[in-house]
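Some notes on the structure that comes next.
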Amino acid sequence: MFVSREPYSPRELIARVQAAIRRKPKPVDTSSYRFGDYEIDFNSMTARRGGVPVFLTNLEFKVLGFFTENAIRVLSRELLVNEVWGYNAYPTTRTVDNHVLKLRQKLELDPANPKHILTIYGAG
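One rule links them: number in the working numbering = place in the sequence shown (from 1) + 2.
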């Protein structure tokens, strides 16, 4: 990053900020998400597995949405509690486990051997 010790004009500052904004990658549309034979639409809060509707609660959609937004990250229980339930809520980590279990039961073909909602023991 370029750091100038000399003062410069407000026009130059605006031009630099606009250039930085243009270089920033565009956000991915997360209103709908597809994986395997699953289709999740977060705008209409609908989920389908092989064309068959799967009924999820509002909180299950929030958890699933956070999972899809962070698909390449390992997420800890504490992070899920803070980001999904919020800092003012005080659910236990077992609450997170129960919601993940419900999502697996509703979305995975074999919840005992999940392929999409995975646990990395000791990490998240």
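We put the beta carbon where it would ideally sit given N, CA and C, even for glycine. The structure presented is a predicted model; accordingly, all values stated were derived computationally and were not measured.
By a beta-carbon distance limit of 8 Å, Phe44 contacts Phe63. Their separation comes to about 7 Å.
The straight-line gap separating the alpha-carbon atoms of Glu14 and Gln20 is approximately 10 Å.
Rounded to the nearest whole angstrom, the CA to CA distance from Thr121 to Arg50 is 23 Å. When the beta-carbon positions are compared, His101 and Leu58 stay at least 8 Å from each other. Phe37: not part of any alpha helix (DSSP H); member of the beta strand (DSSP E) spanning Ser34 to Phe37, first to last residue. Following the DSSP letters along the chain, one finds Arg13 inside the alpha helix (DSSP H) bounded by residues Pro12 to Arg25. Val102 sits in a helix when the DSSP states are folded into three classes.
Taking 3 residues as the minimum length, the beta strand (DSSP E) runs contained wholly in the segment 54–95 are 54–56, in order along the chain. Tyr123 is classed as exposed because its beta carbon has fewer than 16 other beta carbons within 10 Å across all chains shown.
In the DSSP assignment, the residues bridged to Ile42 are Tyr35 and Ala49.
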